[in-house]
Every structure is written in structure tokens, then in C-alpha cells.
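In this note's numbering, the protein residues as written are 420 to 839.
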């Protein structure tokens, strides 16, 4: 009897000890650490690309003490949402108008969330296929998908009440759209609502590309259908070089929804957390590798290319380029997807001119200029050809196209030399 009682008490004490230790460990593990932006530790890795866009973690050799719950205690778990990031950037910035940018980017992020939801459920909701059953063509002569039209309306609806835009120019619109005088602001937004929409039916990654310019101060556009000469000139405020962009970004709809953004002071990436409906900072201070091992081009056009470009690509395949190593070919057919991979892994993406499309197929205002600012902010380069920087190109029409070679600085330098 005494033996049984003794074993029983020992078992109780053992279980209690384990339970106590487990609870203590759980409290210790659950205690959030205070994250201060700007504090980063150097993390070595054998993979030169493994740290691209990764958020550094502040670690300590001493286990954090449990957080005591008490009235008035503010606990920072280190999560940086897009809104928090923009507010903190505005507080630090000495550039006028950064507070306005918070509201504008917030409106864009809401539109991206809505488009992401529609893309994910397109097959279920019947949103795949051509708009109006086929026959609906945009100003570029391209057949519109249902989601092209819907995404365009979503972006306009989200941006209009922001109160910060005077003019909106979209790839899907024949002409720039004047924002109602009640909501009119001092910025001009250009965007491709759904890049890569031809891939929608196959559930391949797509995206939204946007750029923001500052409108001339003298631009005051009324709500009349008959615009004066001065008001028509204000619409031409969209015809600005990429060097005038004050913000640019893209939102990629894939296995996750990622918003990559710059306001002219570095490049950062945010991933949508569907559980809370917020974009979370996951790729701070993105820097593209100086060189990669991937080229991304539509090689179906190979025989229409400049012979110099053909030789450059052949050399990459045969390991006869500057690095002496073979490159891999990756091409999705969605600029956002191809560019996002290039940004993180390095290499080069190109849509050159050819015999059929002398100026290529990418639109300067909606695609080439915003992406070029993004890459330059990450330490990359973007050119139209030898000696031609994309951001310096001044458009003479809203839907102007231009050739683009964009990517790691060393790779872009190599193709520029090859084409000279």
C-alpha cells in the first residue's frame, strides 16, 4: 500500500514538474520581442541570393523574460503593416506631401486586395474568359478579359475618393480620366490594372503595375464634359518622364499576394496576410544581386530580333558570355511574375523591339517607367538600348511603347555592350 501511494505521489510530482516547465517555456516562447526598425544584424549565408528581400531578425543569447500583463502596457510584436510603414516613413521624411502619399498608397492597397480576391475565385465566379463574350478590344488592339475590365473599374473606384488624384491614366482606357472636381487632387496615377491577364484562365501569376506623378500646380480641372484648352493641357500631365515619378510599385497575384513599393527612398515588399487582411513587411530594403544566371525573354521572336541580340542570347546559352557560365531561361509571359523573379534572383528581363514591333510591346507609362524606377531603387538598371535610360524617355503619347532591358546592373551592362 505504501509503495503504491509513493509511486502515485511521484507520478503526480513528475507530471506537475513537466507541466510547470512546459508552461514556463510556453510563456517564454510566447513573449514578443520589441522590434525597432533600422536594427539589423549581419547574417552570413552561402547562398548569395538567400538574403534578398529577407527581413533581418534581432536575436539575443539571453532568453526574453515573460511580458507581464498590466494596464497601460504597450507590446510591440515587431509586425510592420503597410499602413504603419507608410506613417513612419512620412514622419521621418522631410519631403512635403508624404502624408498625402499614405492615403494614396492605402487606396491602391485596398484595390489590390480586391483584385487578388477576384483573381483567386475567378474560376468559381465565372470571371474567366473574354469580356462581353469576345470582341471587346482596348486601345492597344488587344482583346480584353473580363477581369481586365473589372480590375480597371476597381482601381478607379478605389483611387477616386482618395482626394489626392487629379488625373488617372489606365492601359484599358482610350484617354486619361479626369477625377471629379469634388475629389480632385495634385497627383497623376498611371496603371496597368491586370498585367498578364491572358494567363488568367490557366491560373498563372498576374499583377497590377502603377506609377504616381505630381501634377503641375496650375492644373485645375472642372467636371464639365467640354474641357478648355488649359484643362486639356492638364490631361497631358500624364506625359512625364519616369524621372518625375514620386512613387511606383506592383502587386503580384500568385501563391501569395505581394506588394512591392517605392516612394523614392529604397524598395520594400509586403505580403498580404489573409488572416488579418493586411499587407505585412516581409522584404525590407530589397537589393537585386549585381549579376544573375537567368535570362527572361520571349524567344518565339528570336528570328525577328537584331542579330546582335541573337548573338548575346546564344552566348548566354553556350557559356560564352562575360561570366563563362551557362544561363537558364525562364519566361512566364506575365511581366510582373518575370520581373519579380529577376528582382530577387538577379539576371535580366527583356522585351526588345523586333521586325514586327519596332518599339517592343511594353507601355512606357504603365509598365516600363514604373518598373524601371523599382529596379533602380533596388540597385538595378533599365535601358531601351545602348545609351538609352528608360526613366529619361519623355513620352509623346499616352500609350507609347518602348523596348526594355531590365535587371542586374552587370547583366544590363553586358547586353548594352553587345548591342552597341
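C-beta atoms are modelled at their ideal positions from N, C-alpha and C, and glycine is treated no differently.
### Query
Residue range of the alpha helix (DSSP H) that residue 764 falls in?
Looking at the DSSP string, the run of the alpha helix (DSSP H) that includes residue 764 is 754-764.
### Query
Over what stretch of residues does the alpha helix (DSSP H) that includes residue 792 continue unbroken?
Boundaries of the alpha helix (DSSP H) harbouring residue 792: 788-796, taken from the DSSP string.
### Task
Write down the C-beta distance between residue 707 and residue 807 rounded to the nearest angstrom, noting that I regard them as a contact closer than 8 Å.
Between residue 807 and residue 707 the Cβ distance is about 20 Å, and since that is not below 8 Å, they are no contact.
### Query
From this set, 622, 734, 791 and 790, which residue's C-alpha is nearest residue 543's C-alpha?
Comparing Cα positions, the closest option is 622.
### Message
Quick check on residue 695: buried or exposed, where buried means 16 or more other Cβ atoms within 10 Å of its Cβ?
### Response
With fewer than 16 neighbouring CB atoms inside 10 Å of its own CB, residue 695 falls in the exposed class.
### Task
Would you identify the three-state DSSP class for residue 782, choosing helix, strand or coil?
Of the three classes helix, strand and coil, the one that applies to residue 782 here is strand, per DSSP.
### Query
When you compare only the Cα positions, how much space is there between residue 536 and residue 837?
Each residue's Cα considered, the two are about 43 Å apart.
### Task
Go through its chain and collect everything with a Cβ distance to residue 830's Cβ below 7 Å, but skip five positions before and after it.
710, 711, 766 and 767.
#### Entry: Cβ-based neighbour list, residue 752, same chain, cut-off 8 Å, excluding 5 preceding and 5 following
Excluding five sequence positions before and after residue 752, the CB atoms of its chain that fall closer than 8 Å to its own CB belong to 615, 617, 618, 623 and 717, given in chain order.
### Task
Work out the CA separation of residue 673 and residue 737 for me, nearest whole Å.
In a straight line, the C-alpha of residue 737 is about 32 Å away from that of residue 673.
#### Entry: Close Cβ partners of residue 526 (< 7 Å) along its chain, the five nearest in sequence each way excluded
The beta carbon of residue 526 sits closer than 7 Å to the beta carbons of 577, 578 and 581 from its chain, once the five residues preceding and following it are set aside; these are given in chain order.
### Task
Rounded to whole angstroms, what's the CA-CA distance from residue 821 to residue 499? Just pull it up for me.
So the two alpha carbons sit approximately 37 Å from each other.
### Task
Tell me whether residue 421 is buried or exposed, calling it buried when 16 or more other Cβ atoms sit within 10 Å of its Cβ.
Its pLDDT being 47, under 50, residue 421 is placed unreliably by the model, and the measurement read from it follows with that caveat. It is exposed - the Cβ of residue 421 has fewer than 16 other Cβ atoms within 10 Å.
#### Entry: Coil, strand or helix - residue 572 by DSSP
Correct three-state label for residue 572: helix.
### Task
Could you round the C-beta distance between residue 842 and residue 700 to whole angstroms and report it? I think they count as a contact, below 8 Å.
For residue 842 there is no data in the structure shown, the boundaries of the chain being 420 and 839.
### Task
Check each candidate in 564, 835 and 698 and name the one with the smallest Cα separation from residue 620.
Residue 564 is the option with its Cα nearest to residue 620.
### Task
Inspect the CB distances between the segment 776-791 and the segment 728-747 and report whether three or more fall short of 8 Å.
With a cut-off of 8 Å, the segment 728-747 and the segment 776-791 do not count as touching, because too few Cβ pairs lie within range.
### Query
At which residues does the alpha helix (DSSP H) containing residue 696 begin and terminate?
DSSP places residue 696 in no alpha helix (DSSP H); its state is neither H nor E.
### Task
Please name the residue, chosen from 610, 634 and 742, that lies closest to residue 626 on a Cα-to-Cα basis.
Comparing Cα positions, the closest option is 610.
#### Entry: DSSP three-state assignment for residue 623, whether helix, strand or coil
The answer is coil: DSSP assigns residue 623 none of H, G, I, E or B.
### Query
Given that a residue counts as buried once 16 or more other Cβ atoms are within 10 Å of its Cβ, and exposed if not, what is residue 492?
Label assigned to residue 492: exposed.
### Query
Would DSSP call residue 527 helix, strand or coil?
Residue 527 sits in a helix when the DSSP states are folded into three classes.
### Query
According to the neighbour-count rule (16 or more other Cβ atoms, all chains shown, within 10 Å of its Cβ), is residue 520 buried or exposed?
Buried is the call here.
### Task
With a 10 Å radius around its C-beta and 16 neighbouring C-beta atoms as the bar for buried, classify residue 594 as buried or exposed.
Residue 594 is exposed by the Cβ-count criterion.
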